[in-house]
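The structure appears right after this line, and notes come after that.
Protein chains in written order, with this note's numbering: chain A, 154 to 391; chain B, 30 to 207.
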């Protein structure tokens, strides 16, 4: 007999070893997320996938599905919390969408649209962060890094390299690269690496490709991230 | 019925949001039956008094912006942050990562082609703040219309919702940060 959990009152089948996120995505239920990607070990850091499991707050991307779980996901309270989390991400970094070439293709922006985030609510940090334009094909703009570690995981788990890491703690946390000079050009990163393409924001960009698709015709300009995410990730979770 | 009074201003903005407002085109005629403009670049009225709605474009970059914003807050029942700069400082806030003194030196002392280099210091000029700030960090804001600029459809959806007594809401297609 199929094992099931309930999400927002609907029975969702799962197999042993699946997380709540795996089961939900395979069943076509969107749980907002930024640091999660079905191909990589869950990290559980962005907290956007926060759900309530039998009353307890958990990260859906790391929490194993189990019989008897009654999960709340798409509720006003949880989406309000997710909106606040997204606002904190916006004020901690420097996310100026009109001047970012990722706009319209950016998952951080798309999640904010999905949550109907109209303002940043909190005071802005305006923290000074550097750019690394040293690499011939790939640019790092630290202003937009949300420390999701997807580039770290993609480099290690997919590319078989070890280009990226997160260094420091708390407010001093930052993305570093694996080279003596500390510059991206001295790493073995190539533009074809998965790590160069997986950034959910505009922190890691492929040079000279930013405006090949005009603003207004980009991924999230007319489609919401729940639809896009489920279409691309449902198979991986199957 | 008395017309709804709207005041508008641009602080540290580029007037792009005002231009987008004018993109309402023929809908401006319908709007003019319901609203009248108080202080605004459209009217040249210098100070606002007893308004229903205040639309603020741009962030806060100098002392005059602070005074203007406070005047709007005092005189408008509903105050609205219009556009990216009002909401997060926008492009003017990109100077926040450069010390103010360096900004002024680059523009007025060391820049290419500068003649008679001096940093403007006429007492009539408003003093610059050390950082450009979003307006919600200075006064309470009631509604936010994101976009660079928000489209005319955003203004229309928002104002018609308010005028018809509904809680304003923006559909997915109308919410853009770019």
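For each residue, glycine too, the CB sits at the ideal point set by N, CA and C.
Residue i - partner residues in DSSP beta bridges
{"i": "residue 79(B)", "result": "DSSP output for residue 79(B) lists no bridge partner at all."}
{"i": "residue 39(B)", "result": "86(B)"}
{"i": "residue 328(A)", "result": "319(A)"}
{"i": "residue 333(A)", "result": "The partner list for residue 333(A) (beta bridge, DSSP) is empty, contrary to what the question assumes."}
{"i": "residue 110(B)", "result": "85(B) and 173(B)"}
{"i": "residue 159(A)", "result": "164(A) and 223(A)"}
{"i": "residue 64(B)", "result": "33(B)"}
DSSP-derived helix/strand/coil call for residue i
{"i": "residue 44(B)", "result": "coil"}
{"i": "residue 379(A)", "result": "helix"}
{"i": "residue 164(B)", "result": "helix"}
{"i": "residue 360(A)", "result": "coil"}
{"i": "residue 349(A)", "result": "helix"}
{"i": "residue 204(B)", "result": "coil"}
{"i": "residue 254(A)", "result": "coil"}
{"i": "residue 141(B)", "result": "coil"}
{"i": "residue 135(B)", "result": "helix"}
{"i": "residue 269(A)", "result": "coil"}
{"i": "residue 130(B)", "result": "helix"}
{"i": "residue 389(A)", "result": "helix"}
{"i": "residue 366(A)", "result": "coil"}
{"i": "residue 70(B)", "result": "coil"}
{"i": "residue 54(B)", "result": "coil"}
{"i": "residue 115(B)", "result": "helix"}
{"i": "residue 49(B)", "result": "helix"}
{"i": "residue 124(B)", "result": "helix"}
{"i": "residue 341(A)", "result": "coil"}
{"i": "residue 199(B)", "result": "coil"}
Beta carbon of residue i nearer than 8 Å to that of residue j
{"i": "residue 354(A)", "j": "residue 259(A)", "result": "yes"}
{"i": "residue 267(A)", "j": "residue 377(A)", "result": "yes"}
{"i": "residue 337(A)", "j": "residue 288(A)", "result": "yes"}
{"i": "residue 172(A)", "j": "residue 217(A)", "result": "yes"}
{"i": "residue 82(B)", "j": "residue 107(B)", "result": "yes"}
{"i": "residue 306(A)", "j": "residue 193(A)", "result": "yes"}
{"i": "residue 373(A)", "j": "residue 257(A)", "result": "yes"}
{"i": "residue 42(B)", "j": "residue 112(B)", "result": "yes"}
{"i": "residue 192(B)", "j": "residue 71(B)", "result": "no"}
{"i": "residue 53(B)", "j": "residue 187(B)", "result": "no"}
{"i": "residue 214(A)", "j": "residue 302(A)", "result": "no"}
{"i": "residue 328(A)", "j": "residue 293(A)", "result": "yes"}
{"i": "residue 244(A)", "j": "residue 273(A)", "result": "yes"}
{"i": "residue 157(A)", "j": "residue 223(A)", "result": "no"}
{"i": "residue 349(A)", "j": "residue 359(A)", "result": "yes"}
{"i": "residue 252(A)", "j": "residue 120(B)", "result": "yes"}
{"i": "residue 36(B)", "j": "residue 69(B)", "result": "yes"}
{"i": "residue 344(A)", "j": "residue 295(A)", "result": "no"}
{"i": "residue 165(B)", "j": "residue 122(B)", "result": "no"}
Buried or exposed (CB count within 10 angstroms, at least 16 for buried), residue i
{"i": "residue 185(A)", "result": "buried"}
{"i": "residue 269(A)", "result": "exposed"}
{"i": "residue 38(B)", "result": "buried"}
{"i": "residue 174(B)", "result": "buried"}
{"i": "residue 205(B)", "result": "buried"}
{"i": "residue 325(A)", "result": "exposed"}
{"i": "residue 152(B)", "result": "exposed"}
{"i": "residue 380(A)", "result": "exposed"}
{"i": "residue 386(A)", "result": "buried"}
{"i": "residue 87(B)", "result": "buried"}
{"i": "residue 79(B)", "result": "exposed"}
{"i": "residue 156(B)", "result": "exposed"}
{"i": "residue 147(B)", "result": "exposed"}
{"i": "residue 212(A)", "result": "buried"}
{"i": "residue 362(A)", "result": "exposed"}
{"i": "residue 45(B)", "result": "buried"}
{"i": "residue 208(A)", "result": "exposed"}
{"i": "residue 31(B)", "result": "exposed"}
{"i": "residue 175(A)", "result": "buried"}
{"i": "residue 255(A)", "result": "buried"}
{"i": "residue 127(B)", "result": "exposed"}
Cutoff 8 Å: residue i Cβ touching any chain E Cβ
{"i": "residue 279(A)", "result": "Considering every chain present, this structure includes no chain E. Its protein chains are A and B."}
Near the ligand HEM: residue i beta-carbon under 7 Å from a heavy atom
{"i": "residue 291(A)", "result": "In the structure on display, the ligand HEM does not appear, and there are no ligands present to speak of."}
* Can you check the segment 166 to 251 of chain A for any beta strand (DSSP E) of at least 3 residues that lies completely inside it and give the ranges in chain order? => 203 to 206, 209 to 212 and 223 to 225
* To do: Output the residue ranges of the alpha helix (DSSP H) runs that lie fully inside the segment 80 to 108 of chain B and measure 4 residues or longer, sorted by chain position.
  => 92 to 104
* Runs of alpha helix (DSSP H) wholly within the segment 271 to 325 of chain A (minimum 4 residues, chain order) -> 303 to 310
* Along the chain, which unbroken stretches of the beta strand (DSSP E) at least 3 residues long are found entirely within the segment 143 to 196 of chain B? -> 157 to 162 and 172 to 174
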